[in-house]
Amino acid sequence: MDSRLVTSFCEMVRIDSESGNEAAFIEHVRGLLERELDADCVVDAHGNLIARIAAKESEIDEPILLAAHGDTVQPGKGIEPVVKDGVIRSARATILGADDKAGVAAAIEAVRSASKHPPVEMVITRQEEVGLVGAKNLDLSLLSAKTGFIIDGEDAATIVIGGPSHVSLDVTITGKSAHAGMEPEKGISAIRAAAQAIVDQPSGRIDEETTANIGTIHGGLIRNGVPERVTIQAECRSLNHDKCMRQAETMRRAFEDAAASLGAKADVEVTLEYKASRVPERSQAVKLAKDAIRAVGLEPKTQVITGGTDALILASRGLDAVVLGYGGQAAHTTDEYITVDALEQSAAVLRNLLEAAA
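So for the sequence shown, numbering that gives the first Met the number 0 puts the first residue at 0; every next one is plus one.
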């Protein structure tokens, strides 16, 4: 067992860092990198950490980017990790935070233990779990790397090379209030309009590469009042950008038409969060990742997913970026865990990658 890696990971998950409250964790990682790797660290205007680490036994000038996110989902306060029979879990009714602190710990251990490596730029982003906010606001003027590896997947053998277009829809339906018992005919129910719109549009798995979802609905103030206002948060995604935009238009029209049919009004704000992209299989990032995975005895495979990742954002901003696995399981649940072997394997893949890049 690599006690240094396990100890470092356990120290990290004990530091509260739910989305929006990552500052203490960012400072912990900054101090660790400065002390142990003589890193030149800066925090950008959004609070993302950027660390530059000099090359070791290498003449390569171009840096490699290693990145992970520092925030966790809820419930992520007061995490107490327990290592038992080679498995790390939370002792309390919380997540463990392997997503993505296992990625952070593995990246740092890979640099520590590599016999050689090119210059490394390490980035720890904020607010990944609430919309990839840190990556969207990352100050790229502070980076020189063109090839990047985001350690935020579960499977150590899988390289995520692409992701979807993602559209958010924020809907406000306005009807007319009235007393539900005395004069309901004078009211226009925003809830009824919302319900009709939801029934009228497809949701869930639309096809093999497209999804749609109604995520939240809030409306009404009192039991005996015809509800005047409803707000809805919805989304759609597709690996095909044109399909995503057509699905978003279908959803927008469904809300507007249903509202109009009842005399209400729907205001729909449509926001493209990010656009589908894919890193070519022949890219240097994919080649390095495949070779590093094979070196630990696994057979690499590539995948495109309909979830959002920091890699997708960075790829859209000009980096050759893919996602590698950190080895955890049951992320975003209180059953989350990671085995010591998986954590060590993740660090070994990254170490092999850095040594090959050198």
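Where a beta carbon is used, it is the ideal one built from N, C-alpha and C, also for glycine.
Unbroken beta strand (DSSP E) run spanning residue i, endpoints
| i | result |
| --- | --- |
| Gly162 | 157 to 162 |
| Arg358 | With the chain running from 0 to 357 in the structure shown, residue 358 is simply not present. |
| Val132 | Element bounds for Val132: not the beta strand (DSSP E) but the alpha helix (DSSP H), 132 to 136. |
| Asp39 | 39 to 42 |
Sub-8 Å separation of residue i and residue j beta-carbons
| i | j | result |
| --- | --- | --- |
| Val229 | Leu168 | no |
| Val82 | Val339 | yes |
| Leu95 | Glu343 | no |
| Gly19 | His68 | no |
| Asp309 | Ile107 | no |
| Val166 | Glu234 | yes |
| Leu32 | Ala44 | no |
| Pro163 | Thr305 | yes |
| Val28 | Ile123 | yes |
| Ala192 | Ala263 | yes |
| Arg236 | Gly161 | no |
| Glu153 | Ala330 | yes |
| Ala265 | Ala105 | no |
| Gln195 | Ala275 | no |
| Ala66 | Ile52 | no |
Secondary structure of residue i, DSSP reduced to three states
| i | result |
| --- | --- |
| Ala179 | coil |
| Ser167 | strand |
| Asn351 | helix |
| Asn212 | strand |
| Lys83 | strand |
| Ala50 | strand |
| Asp340 | helix |
| Val278 | coil |
| Ala233 | strand |
| Gln126 | coil |
| Met0 | Any answer about Met0 is weak, because its pLDDT of 43 lies below 50 and its placement is not dependable; what the coordinates show is given next. Here Met0 sits in coil by DSSP. |
| Gly152 | strand |
| Ile25 | helix |
| Ile187 | strand |
| Arg91 | coil |
| Glu335 | coil |
| Leu142 | coil |
| Ala357 | coil |
| Lys242 | helix |
| Gly30 | helix |
| Leu297 | coil |
Straight-line Cα distance separating residue j from residue i
| i | j | result |
| --- | --- | --- |
| Glu120 | Asp319 | 14 Å |
| Gly326 | Glu298 | 15 Å |
| Gly147 | Ile14 | 26 Å |
| Glu17 | Arg316 | 26 Å |
| Met11 | Gln246 | 41 Å |
| Ala341 | Asp70 | 21 Å |
| Ser57 | Met250 | 54 Å |
| Val91 | Gly77 | It is worth fixing the name first, because residue 91 is Arg in this sequence and not Val. So the alpha carbons of these two residues sit roughly 8 Å apart. |
| Val348 | Thr171 | 48 Å |
| Val5 | Ala156 | 21 Å |
| Pro117 | Leu64 | 10 Å |
| Ser112 | Arg350 | 7 Å |
| Asp84 | Ala97 | 17 Å |
| Thr209 | Pro201 | 11 Å |
| Ser2 | Cys9 | 10 Å |
| Met0 | Ala109 | Reliability fails at Met0, whose pLDDT of 43 lies under 50, so the model's placement of it is uncertain and the value that follows must be treated cautiously. Approximately 15 Å, taken between the alpha carbons. |
| Glu364 | Leu220 | This structure does not reach residue 364, given that the chain is present from 0 up to 357, and the question cannot be answered. |
| Ala294 | Lys300 | 14 Å |
| Leu313 | Val225 | 47 Å |
| Lys55 | Ser114 | 8 Å |
| His217 | Ile231 | 7 Å |
| Glu21 | Arg34 | 20 Å |
| Gly46 | Ser140 | 15 Å |
| Ala355 | Glu127 | 29 Å |
| Ala357 | Gln302 | 26 Å |
Residues that residue i bridges to, as DSSP identifies them
| i | result |
| --- | --- |
| Lys264 | Thr173 |
| Leu64 | Glu120, Gly147 |
| Val225 | Ala177 |
| Lys55 | His116 |
| Val198 | Paired residue(s): none; Val198 is not in a bridge. |
| Gly218 | Val229 |
| Val269 | Leu168 |
| Thr71 | Glu17 |
Endpoints, alpha helix (DSSP H) assigned at residue i
| i | result |
| --- | --- |
| Ser112 | 97 to 112 |
| Gln302 | Taken as a continuous stretch (DSSP letters only), Gln302 belongs to no alpha helix (DSSP H), being part of the beta strand (DSSP E) at 300 to 303. |
| Ala320 | That residue, Ala320, is in no alpha helix (DSSP H); its beta strand (DSSP E) goes 319 to 324. |
| Gln328 | Here Gln328 belongs to no alpha helix (DSSP H), and DSSP marks it neither H nor E. |
| Ala288 | 283 to 293 |
| Ile14 | First-last for Ile14: undefined, no H or E at that position. |
| Ile312 | 309 to 315 |
Test: residue i CB closer than 8 Å to a CB of chain D
| i | result |
| --- | --- |
| Ile52 | No chain D is part of this structure, which consists of one protein chain only. |
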